[in-house]
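Protein chains in written order, with the numbering used here: chain A, 1 to 250; chain B, 1001 to 1378. Accompanying notes for the structure given below.
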Amino acid sequence: MNGTPHIEVRDLTMAYGDFVVQRGLDFVVNKGDIFVVMGGNGCGKTTLMRALVGLQRPAAGSVLYSGKDFWNAAAETQRQLKRRLGILFQGGALWSSLTLAENVALPIAEYTGLPPARVNEIVDFKLALVGLAGFEDFYPSELSGGMKKRAGLARAMALDPDILVIDEPSSGLDPLTARRLDELIMELRDSLGTTIVVVTHELASILSIGNNSIYLDSESHTMIATGHPQDALKNGPPEVRRFLSRGATT
Amino acid sequence: MRSEAAWQLDLRPADDPETLIIALARRWRIDQDLPAADTLNDRLDVPVRHVRFDASALTDWDSGLLTFVSGISKRCADRGIAVDSSGLPPGAQRLLAMAAAVPEQKLAGRDKGPQGPFAQVGTATLEFFRGAPQMLGFLGEVTLSLLRLVSGRARFRARDLWLEIEEVGPRALPIVSVISFLVGLILAYLGADQLRLVGAQIFIADLVAIGMVREIAALMTGVIIAGRTGAAFAAQLGTMQVNEEIDAYQTLGISAIDFLVLPRMLALMLMVPLLTLYSAFIGMLAGLLVSLTIFDTGVFEYYTETLRALTFQQFGVGLSKGMVYGAIIAFAGCLRGMQCGRSAEAVGHAATSAVVTAMLLITIAASIMTIVYYQLGI
């Protein structure tokens, strides 16, 4: 491992027009972390995610991947950096006109130029990994919410990204499905060394899978805690402890 | 007359004149004709400094009671009168406390009251000019994408193009047939009346042929396809925007313009000219029918007159218009779809806006092209 951090966010400010959502965000995500971005509803978690993955230009500050400033990079560099990212959107965001297999195959075909037979093998394996073997020819509209999410994960993992960014993994899932998804995320980290950034407010996930985190506060519009979620629960500022214990500590 | 179960409200002065006791009795439920808190406005004034409630005779209550009480509390707070709600049922006290726990928020950006007519015109004008650079930006992106296509670097799936072609072309035939036939009929009748005056009935063939081929077939097809397909494009892309599908393309570095807009653009640029040809043909058929029935013109006569009137140039004019209208419809539909917000309402708005934009641009383009072709003598 070299000295430059895997992902580094420096003095990031995100705003919609004059309305500042979050300001002064400074944090580092190390390789192999499961990094949790937590905070209450409307605190700017998803906005931060969109700034991280290149969907929404921040008002100020920078996002660095292995020392490369994403937002000030040339288009080609940005494309190369995007290649290293896999993103699972909240609702799965599967392309509705494509079957599951085509959804997973598209990024592979786009970036690798592998022969179709080889692409299909990879697709079958990825879908099997998320427990959707046999659903290759289904369209997203024919699937349940949980299945869409798992298929979205298969697509996000299609290119074996260094970094997997997941928006609200367990929203809309029953507790058992949510837990299986958490286990799958941890397994990916353990076996492939994938760095995972999870945006969530789901306590069970935060406390069981996260090993590093930031807490975005919607009152002060900035981060008020960072570190291991269990530490934040014990020693963090009162707001964070309240959040992580569903208001039980004061 | 009130039934036994109806509400009852009594105001009792307490021992000291500064305290007012509001006695709530019997049944206070939301489905009744309950009194408004305003009815007590006069009583909540000097010398009253304290308000107490007495609910000992209350038999039944729900949020009808709560709204009344919270209305009173609010008025008291405005006038600096202290409210003691300990006389209310415990459940009601808890709910009132919860409702009062978070003070009313004064949110930024939500304080815009109704605007005057001048302000509305100003806002609309600003909106319009803000929209223009966006439209030009999108036009630029689409142009770049078309250039990528020509240089063989744009990627989309051929199957998408075929699906769009099928959807735009063959499936639009019935509606294009009906409308073109009727428009041809109208055109023929319109001309028949005038031409009869000068005894030039046979020129009805020229009128219908040239009118349909040069102008009307393309215009009618454009209007039909704008309503049918332009709106569908906006709704499709808008829904994809809502589902974050467009974001998913972007994060993978795949151009959504290449992948989604290009096949739609090509499909319309290909199919609208073909539909225009078809529409012109149907229109001329209607002209023939009118001519046969009211003037007794022969089929062969009409046919030769039509051939005489039409030149390849006329077809060139009609087809070029069809292609431009097709491009405009696809452009407007995709633009509004890509600009769509993230709600069901926004998708509806995108569809409407796509049709309006397409109609406006088609009319402008039609005028410009007609004038330019006239000046060039084509």
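Just so it is clear, CB atoms sit at the ideal spot from N, CA and C, and this is done for glycine as well.
Applying the 10 Å Cβ sphere with the 16-neighbour rule, what's the burial state of residue i?
| i | result |
| --- | --- |
| Asn-103/A | buried |
| Ser-1367/B | exposed |
| Gln-1313/B | exposed |
| Ser-1086/B | exposed |
| Leu-1040/B | buried |
| Ala-1350/B | buried |
| Gly-193/A | exposed |
| Gln-1115/B | exposed |
| Leu-188/A | buried |
| Met-1098/B | exposed |
| Gly-1333/B | buried |
| Tyr-16/A | exposed |
| Asp-162/A | buried |
| Asp-18/A | exposed |
| Arg-1079/B | exposed |
| Arg-1012/B | exposed |
| Ser-213/A | buried |
| Ile-108/A | buried |
For residue i, list the residues DSSP reports as bridge partners.
| i | result |
| --- | --- |
| Glu-8/A | Val-28/A, Leu-64/A |
| Thr-13/A | Ala-60/A |
| Ser-213/A | Val-36/A |
| Phe-1053/B | Ile-1022/B |
| Phe-19/A | Tyr-16/A |
| Arg-1012/B | Ile-1021/B |
| Asp-964/B | Only positions 1001 to 1378 of chain B appear in the structure, and residue 964/B is not among them; the question remains open. |
| Trp-1007/B | Arg-1026/B |
| Met-252/A | Since the first residue shown for chain A is 1 and the last is 250, residue 252/A is missing from the structure and cannot be characterised. |
| Thr-195/A | Ile-163/A |
| Asp-1084/B | Arg-1052/B |
Give every residue of the same chain whose Cβ lies closer than 8 Å to the Cβ of residue i, excluding the five residues on either side of it in the sequence, and list them in chain order.
| i | result |
| --- | --- |
| Phe-135/A | Leu-100, Leu-127, Leu-143, Met-147, Ala-151 |
| Val-1324/B | Ala-1365, Met-1369 |
| Asp-11/A | Gly-24, Leu-25, Asp-26, Ala-60, Gly-61, Ser-62 |
| Ile-1175/B | Ile-1224, Arg-1228 |
| Asn-72/A | Ser-62 |
| Asn-120/A | Ala-101, Ala-105 |
| Leu-1096/B | Leu-1066, Val-1069, Ser-1070, Ser-1073, Ser-1085, Leu-1088 |
| Gly-1199/B | none |
| Ser-141/A | Ser-96 |
Leaving out five residues on either side along the sequence, give the residues of the same chain with a beta carbon under 7 Å from the beta carbon of residue i.
| i | result |
| --- | --- |
| Arg-83/A | Tyr-111, Leu-159 |
| Leu-1266/B | Leu-1161 |
| Leu-1270/B | Ile-1165 |
| Met-14/A | Val-21, Gln-22, Gly-44, Thr-47, Leu-48, Ala-51, Pro-58, Ala-59 |
| Ala-1218/B | Thr-1276, Gly-1318, Lys-1321, Gly-1322, Tyr-1325 |
| Phe-138/A | Thr-99, Leu-100 |
| Leu-85/A | Val-53, Pro-161, Ile-163, Val-165 |
| Ile-1179/B | Met-1220, Ile-1224 |
| Phe-89/A | Gly-152, Asp-167 |
| Leu-203/A | Leu-244, Arg-246 |
| Gly-1140/B | none |
| Val-1257/B | Strictly speaking, residue 1257/B in this sequence is Ile, with Val absent from that position. Excluding sequence neighbours, Ile-1257/B sits near Glu-1141, Val-1142, Ser-1145. |
Return the Cβ separation of residue i and residue j in integer angstroms, given the expectation that the two are a contact with Cβ distance under 8 Å.
| i | j | result |
| --- | --- | --- |
| Ala-1036/B | Leu-1088/B | Actually they do not touch by this definition, with Cβ atoms about 19 Å apart. |
| Val-1142/B | Val-1242/B | Contact flag wrong, Cβ pair sits at about 22 Å. |
| Ser-170/A | Ser-205/A | 5 Å |
| Thr-1311/B | Ala-1209/B | Rounded, the Cβ-Cβ distance is 10 Å, inconsistent with contact. |
| Ser-1273/B | Leu-1319/B | Residue 1273/B is actually Pro in this sequence, not Ser. About 5 Å separates the two Cβ atoms, so the contact holds. |
| Asp-1206/B | Ala-1309/B | 4 Å |
| Ala-1025/B | Ala-1057/B | 4 Å |
| Ile-1254/B | Met-1338/B | That pair is no contact at about 14 Å. |
| Val-1121/B | Gly-1283/B | With 8 Å as the limit, Val-1121/B and Gly-1283/B do not qualify as a contact, their Cβ atoms being about 42 Å apart. |
| Glu-87/A | Thr-1251/B | Just to set this straight, residue 87/A is Ile in the shown sequence, not Glu. The Cβ separation is near 5 Å, so the contact holds. |
Got a sec? Which residues, its chain only, sit under 6 Å from residue i by beta carbon, not counting five neighbours each side?
| i | result |
| --- | --- |
| Lys-149/A | Gly-92 |
| Leu-173/A | Gly-146 |
| Gly-1071/B | Ala-1037 |
| Leu-1020/B | Val-1048, Val-1051 |
Query raised in the report: Quick check: the segment 233 to 243 of chain A against the segment 28 to 36 of chain A, are there 3 or more CB pairs under 8 Å?
Result: no
Requested in this report: May I ask you to verify whether the segment 1186 to 1196 of chain B touches the segment 1297 to 1305 of chain B, counting CB pairs closer than 8 Å and requiring at least 3?
Outcome: Of all C-beta pairs linking the segment 1186 to 1196 of chain B to the segment 1297 to 1305 of chain B, fewer than three are shorter than 8 Å, placing the two stretches out of contact.
Query - At least three beta-carbon pairs within less than 8 Å, the segment 1228 to 1239 of chain B to the segment 1123 to 1133 of chain B - result: no
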